Each structure stands twice: as structure tokens, then as C-alpha cells.
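Asks:
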Amino acid sequence: MVIASTKSGSELFSTFTFWPGTGFADNLSDLNAYRDGVYWQWMGNSALYAGLGALLSACVSAVSGYALAVYRFRGRESLFNVLLAGVLMPPVILAIPQYLLLAKAGLTDSRLSVLLPQILSPYGVYLARIYAAAAVPPDVVEAGRMDGAGEWRIFSRWRCR
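Under the working numbering, the first residue of the sequence shown carries the number 1014, and numbering increases by one thereafter.
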């Protein structure tokens, strides 16, 4: 893809595949001229959604997975089974129900409508729970509580190990 971006239209299929072309500057000027440079706005939106979505998804998944692994509460296993069902379900099946929920909430034409399904990922929560269950010994959590550490401090000490 990167090498193809350096080729002109005539060079694209007539030259050796892995050899850069001579049309890179022309391609960039065409890209800037296309609808007054809207491509760069599209590129920024993609970077924003991918970066912010990944960051928020990692944070939400880490906290949720830690809570499912460390805390004992009624319905924990049932909640984990529902989470597993969400992991096993193809995302295409959920597209229309997600749209209907977002439309009912009035979020159809907003950035949140793109970010929310990405942030609330059952697969990320599942992976974080498996990691936390293996990496966080219950004795250490209890020792931290006895030493006066809050739940957030205990979590923050173990999140990156």
C-alpha cells in the first residue's frame, strides 16, 4: 500500500510491484485537492476513534476484569457466563440491536455512537479477568487491605504486572 501510493496511475500496474514510483508528490497534491482536503479530516477521525477507543476499552476492560476476578459477589459466575456468550457471539448479529439502542438513547449521530460499542468489549473484559485471576493472588489483595490500601491502590499496583 505504501509503495503503491508513490506510483502514478500509469505506473501502478506497469512497473515492478516492490519498486517505488515517481508520482508521490502528485498523489499528495491530488489528495489535498480532493474536496478541499477532507481526507486529512477523515484520517484524524480514524486516529481519534482508534486511539481513544483502544485506550478507553483497555481501561474499562481492566477494571471490569479485575472486579470479576477478585471480588466475590452473588451472580458473579452468571455474569461471567453472560460475558462468555457475548464473546462467542459474532459482532454482526449485534449491529441492528446496538443501532436501535443508540437511536433510542438519541446517540445516532454522535461520536459516542462509534465509541460505546468499542469501549464496552466483552472480549477485553474476558481477557482482563483471565489475566487478573492468574496474576493477582488473593493473599496479596487481603494484605493490601489490612495495610490500609484502598481498592483502587491495590488495583493500580497489579494492573501492569
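Cβ atoms here follow ideal geometry from the backbone N, Cα and C, with glycine treated the same way. In this text, all values refer to a predicted model and were calculated from it rather than measured experimentally.
#1: Applying the criterion that 16 or more other CB atoms from any shown protein chain within 10 Å of the CB defines a buried residue, is R1166 buried or exposed?
#2: Ignore the nearest five residues each way along the sequence and tell me which others in Y1139's own chain have a CB closer than 8 Å to its CB.
#3: Give the list of continuous beta strand (DSSP E) stretches no shorter than 3 residues that lie fully inside the stretch 1064-1131.
#4: Quick check on the burial criterion: 16 or more other C-beta atoms within 10 angstroms. Buried or exposed for S1027?
#5: Once the 5 residues before and after K1020 are set aside, which same chain residues still bring their CB inside 6 Å of it?
#6: According to the neighbour-count rule (16 or more other Cβ atoms, all chains shown, within 10 Å of its Cβ), is V1149 buried or exposed?
#7: Check whether the stretch 1124-1137 touches the stretch 1063-1071, taking contact to mean three or more Cβ pairs, one atom from each stretch, closer than 8 Å.
Replies: Taking the geometry as given:
#1: Classification for R1166: exposed.
#2: G1078, L1096, L1097, V1100
#3: none
#4: Answer is exposed; the Cβ neighbour count stays below 16.
#5: G1034, G1036
#6: Flag for V1149 reads buried.
#7: yes
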